[in-house]
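Residue numbers (the numbering used here): 36 to 667.
Glycine included, every Cβ here is placed at the ideal spot set by N, Cα and C.
Note that the coordinates shown come from a computational prediction; the quantities given were computed from them, not determined experimentally.
Input: a single structure, listed below in structure tokens.
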């Protein structure tokens with residue numbers, strides 16, 4: 036990465052040949068020019084050297100976009116006992132390290148001058164100080180363990196290194212923070228910024244609009260290892276992504292709580308994404324939120340665990356969570372759960388409207404697994420949380436727990452006309468009477484009793500086994516059916532839902548009151564009756580045969596062969612480790628003969644899928660599943 040950045044640095048400096056370049060030659064903060072009016076023409080001063088303070092003074096007083104470069108000889112390097120292999124610049128007590136005109140401050144030039152003398156980062160440090168960008172269109176590159184403060188608009192901070200690096204944006208807006216390593220990125224009253232490709236402890240966004248954290252492609256992903264501290268009582272606390280009073284914000288495709296997808300990043304982090312204050316128009320999409328589990332210590336909290344994958348409080352509206360993975364590692368195993376997956380409004384002072392978790396369409400469902408308590412808990416005063424199309428499994432308590440007005444938890448029995456009160460109105464769940472295998476799927480029948488003359492969306496799920504409570508959970512989302520209750524509040528259903536359901540699995544369902552967006556807890560389990568087609572590696576019928584994926588692992592392209600003995604219907608999908616639909620490769624009639632189908636590693640929206648375990652899922656003329664690994 037450093038070698039590529041150095042080559043890019045050389046190209047940029049060549050392109051800026053017509054602009055002035057000021058080269059810093061000493062690490063001391065000496066100033067022997069007129070700090071009130073000196074320009075680039077006044078450099079160097081009487082001592083024949085140029086300090087960083089002098090470089091800022093001169094470029095601030097010179098029109099046009101200039102560049103500050105560095106060529107400090109190693110004979111002038113100090114503090115090697117603290118920062119070995121790096122040129123250490125003295126801090127500016129007079130505040131001279133502040134850009135007041137457009138400038139590029141390129142620390143990579145120091146590496147180009149002396150070579151790669153520090154393997155773990157860049158070769159330039161400001162000791163006990165910071166750089167401040169107070170003008171628009173400034174750029175900073177290639178500093179180590181140095182804080183950067185951005186007040187100007189449309190700035191770029193790229194490629195910083197070192198655990199002590201913090202980046203703060205206040206006012207301004209429209210800036211980009213890219214490919215940095217360090218501690219905290221804080222956005223405070225600064226709008227329309229982009230944060231991509233960073234490896235940090237946390238991101239904080241306060242009182243801001245239109246910010247984007249991450250993006251759809253692999254190079255956009257931020258790796259946020261987790262933030263937290265432990266107080267004198269031994270209580271851990273800390274939010275890895277903190278959203279306070281934000282609007283129109285996108286959190287996409289980040290790894291939150293783990294850097295490698297297999298281990299926890301910080302043993303004191305207790306919240307993956309923390310919503311508070313008044314937040315509206317926030318989308319959290321395609322993130323891995325795992326490893327959020329604070330470990331208490333002595334004297335009072337030894338052995339105790341704390342943590343929420345996503346925590347919501349305050350006044351929230353138009354909040355959408357889709358395509359996220361909570362509690363699973365990159366191999367699809369539930370090894371990195373929090374205490375609760377998603378906690379919504381466990382405070383009497385919270386207010387929510389239009390909160391959506393998942394959805395029935397491809398790519399909308401979240402995978403929520405491996406948490407010590409509930410997958411999702413909805414507070415007793417919270418109404419209108421829509422929870423659909425998710426894969427929720429292997430959680431210690433319920434998949435979805437609606438808290439009653441009397442604060443009771445656990446399964447809430449159905450009641451007459453659904454008149455009880457609590458989270459999501461304690462919406463009644465469906466009652467499944469039969470579930471039987473049918474060609475390419477399952478036939479499910481049953482009843483729903485609820486509010487009269489209302490429309491409901493029923494969602495059906497399959498799981499390898501039933502929860503210990505007898506209700507839920509829901510590993511594999513199968514599909515949905517709309518029903519309406521009559522004047523007595525009753526509705527019946529007989530629905531076919533497609534998908535490969537193995538022998539011995541159970542079916543569960545939820546009900547969502549369409550007008551209010553209120554989703555129930557999971558229904559009681561119903562065992563699937565009848566014969567089942569075999570899954571990997573034996574094909575269900577000789578009418579079609581699915582080959583083995585190749586290459587495996589894929590990076591990212593993968594191919595599979597399909598042999599059709601005769602013409603017939605075929606649907607071949609790509610599913611992730613949680614059983615969620617990623618892409619559909621074929622859905623229709625396939626002719627007799629051999630077909631070769633390929634997947635390019637992108638989901639149905641064209642976004643790059645994350646590394647991990649995936650399946651080719653064949654239904655129609657035959658049922659079969661083939662497992663493969665995607666490595667990027």
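Assigned with DSSP and collapsed to three states, residue 89 falls in helix. At a Cβ-Cβ threshold of 8 Å, residue 103 and residue 66 do not count as neighbours. By alpha-carbon distance to residue 618, the top candidate from 468, 636 and 585 is 636. In this chain, residue 637 is not harboured by any beta strand (DSSP E), its DSSP state being neither H nor E. Of the residues assessed, residue 399 falls on the buried side of the cut-off, its CB having 16 or more other CB atoms within 10 angstroms.
With fewer than 16 other CB atoms across the displayed protein chains lying within 10 angstroms of its CB, residue 205 is exposed. With fewer than 16 other Cβ atoms inside 10 Å of its own Cβ, residue 81 counts as exposed. Under DSSP, residue 339 forms no beta bridge with any residue. Put simply, the region 348-363 touches the region 309-323. At least three CB pairs are less than 8 Å apart.
The residue from 213, 253 and 251 with its alpha-carbon nearest to that of residue 238 is 213. Contact check between the region 159-170 and the region 131-151: three or more CB pairs, one atom from each, fall below 8 Å, which counts as touching. Sequence-distant Cβ neighbours of residue 63 in its own chain, meaning closer than 7 Å and more than five residues away, are 86 and 125. Rounded to whole angstroms, the gap between the alpha carbons of residue 199 and residue 612 is 37 Å. Where residue 145 is concerned, the enclosing alpha helix (DSSP H) starts and stops at 143-149. Following the DSSP letters along the chain, one finds residue 604 inside the beta strand (DSSP E) bounded by residues 603-611. A straight-line Cα-Cα distance of about 16 Å links residue 267 and residue 340. Looking at the DSSP output, residue 124 sits in a beta bridge with 161. In this structure, the CA atom of residue 615 is about 9 Å from the CA atom of residue 358. Distances from the alpha-carbon of residue 402 to those of 654, 483, 511 and 100 put 511 closest. Of the candidates 562, 528 and 249, 249 places its Cα closest to the Cα of residue 235.
Minimum Cα-Cα distance from residue 184 among the listed residues 390, 150 and 222 corresponds to 222. Sorting 387, 72 and 421 by C-alpha distance to the C-alpha of residue 97 places 72 at the top. Between the alpha carbons of residue 434 and residue 520 lies a gap of roughly 26 Å. For residue 298, the closest of 654, 280, 285 and 372 by C-alpha to C-alpha distance is 372. Beta bridge pairing from DSSP links residue 553 with 548.
Residue 111 sits in a helix when the DSSP states are folded into three classes.
Distance from the CA of residue 227 to the CA of residue 276, rounded to the nearest whole angstrom, comes to 17 Å. Residue range 647-655 is occupied by the beta strand (DSSP E) that includes residue 649.
Per the DSSP secondary-structure output, residue 184 pairs in a beta bridge with 167 and 203. Using a Cβ-Cβ distance cut-off of 8 Å, the region 419-439 and the region 493-505 are in contact, since at least three pairs of beta carbons, one from each stretch, lie closer than that value. By DSSP's assignment, residue 484 forms a beta bridge with 525.
In the DSSP assignment, residue 216 falls outside any beta strand (DSSP E) and carries neither an H nor an E. Rounded to the nearest angstrom, the gap between the Cα atoms of residue 518 and residue 664 is 39 Å. The Cβ-Cβ distance between residue 105 and residue 58 falls below 8 Å.
Residue 335 counts as exposed, since fewer than 16 other C-beta atoms from the protein chains shown sit within 10 angstroms of its C-beta. Looking at the DSSP output, residue 198 sits in no beta bridge, so it has no partner there.
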